[in-house]
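Visitor: If you scroll down you'll find the structure; I have some questions about it.
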């Protein structure tokens, strides 16, 4: 049952559509399902990540911290990936993630993901393309804000 939940979470997770079915099964096997009570903290801003979380059920709250931090937001869509970049990079997390309700998640270790990337050049290429796409989308949303800031000066 637990492995079925993990496999289903990865099947729903948009980021992991870069993986084939066998790679998803391997990540589900390497992953760790975790249950967080309401008001529990998954991780704090500034923590060094060692993987990403995939929401199976429940609602999480993301609270950006630091200079220029945005407003808190909810994550409640099953299959949502929290900290996908942590699968590639070991950089301090910019947000604190906590459970609003009881939350059931799959933790995917960076080491397992990177092992698959090293074994499959095709997966590595798809991962790079996904990151480029995600960064392009993010930067595209910032352009109108940047123009408004320049015109306000």
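In the working numbering, the protein residues as written are 63 to 215. No residue lacks a Cβ here, since even glycine has one placed at the ideal position from N, Cα and C. All of these numbers come straight from a predicted model, not from anything done at the bench.
Using C-beta distances below 7 Å, list every residue in its chain close to residue 74, excluding the 5 sequence neighbours before and after it, in chain order.
Guide: If you number the chain shown from 1, residue 74 lands on position 12. Cβ within range, chain order: 140 and 141.
Visitor: With the cut-off set at 8 Å, would you say residue 97 and residue 170 are in Cβ contact?
Guide: Looking up residue 97 in the chain shown gives position 35. Looking up residue 170 in the chain shown gives position 108. Taking 8 Å as the Cβ cut-off, residue 97 and residue 170 do not qualify as a contacting pair.
Visitor: Quick one: measure Cβ to Cβ for residue 68 and residue 168, integer angstroms, because I've assumed they're closer than 8 Å.
Guide: Residue 68 sits at position 6 when you count from the first residue of the chain shown. Residue 168 sits at position 106 when you count from the first residue of the chain shown. At roughly 5 Å, the Cβ-Cβ gap stays under 8 Å, so residue 68 and residue 168 are in contact.
Visitor: Please classify residue 66: is it buried, with 16 or more other beta-carbons within 10 angstroms of its beta-carbon, or exposed?
Guide: Within the chain shown, the letter at position 4 stands for residue 66. Exposed.
Visitor: Look at the Cβ atom of residue 161, then the Cβ atom of residue 101, and state whether they are nearer than 8 Å.
Guide: As a first step, residue 161 is located in the chain shown; it is residue number 99 there, counting from the start. As a first step, residue 101 is located in the chain shown; it is residue number 39 there, counting from the start. In contact: residue 161 and residue 101 (Cβ atoms closer than 8 Å).
Visitor: Leaving out five residues before and five after residue 152 in sequence, what residues of the same chain have Cβ atoms less than 8 Å from its Cβ?
Guide: Counting from 1 along the chain shown, the entry for residue 152 is found at position 90. Excluding sequence neighbours, residue 152 sits near 110, 111, 112 and 172.
Visitor: Residue ranges of each beta strand (DSSP E) run of no fewer than 3 residues wholly in the region 70-120, ordered along the chain?
Guide: The region 70-120 contains these whole beta strand (DSSP E) runs: 94-98, 103-105 and 113-119.
Visitor: Would you kindly work out how many angstroms separate the C-alpha atoms of residue 70 and residue 128, rounded to a whole number?
Guide: Taking the first residue of the chain shown as position 1, residue 70 is located at position 8. Taking the first residue of the chain shown as position 1, residue 128 is located at position 66. Their backbone Cα atoms lie some 34 Å apart in a straight line.
Visitor: How many angstroms separate the CA atom of residue 120 from the CA atom of residue 191?
Guide: For the purposes of this step, residue 120 is identified with residue 58 of the chain shown, where counting begins at 1. For the purposes of this step, residue 191 is identified with residue 129 of the chain shown, where counting begins at 1. One C-alpha to the other measures close to 30 Å.
Visitor: Using 8 Å as the threshold, is the C-beta distance between residue 145 and residue 115 below it?
Guide: Locating residue 145 in the chain shown gives position 83, where the first residue counts as 1. Locating residue 115 in the chain shown gives position 53, where the first residue counts as 1. In contact: residue 145 and residue 115 (Cβ atoms closer than 8 Å).
Visitor: Use the C-beta contact count for residue 178: other C-beta atoms within 10 angstroms, 16 or more gives buried, fewer gives exposed.
Guide: The residue given as residue 178 occupies position 116 in the chain shown. Its Cβ being crowded by 16 or more others within 10 Å, residue 178 is buried.
Visitor: May I have the straight-line CA-CA distance separating residue 87 from residue 78, to the nearest angstrom?
Guide: Against the chain shown, residue 87 aligns to sequence position 25. Against the chain shown, residue 78 aligns to sequence position 16. Near 11 Å, if we compare the C-alpha coordinates of residue 78 and residue 87.
Visitor: The beta strand (DSSP E) that contains residue 165, what's its start and end?
Guide: Residue 165 sits at position 103 when you count from the first residue of the chain shown. It spans 165-171 - the beta strand (DSSP E) in which residue 165 sits, taken as one unbroken run.
Visitor: How is residue 157 classed by DSSP in three states: helix, strand or coil?
Guide: The sequence position of residue 157 within the chain shown is 95, counting from 1. Strand.
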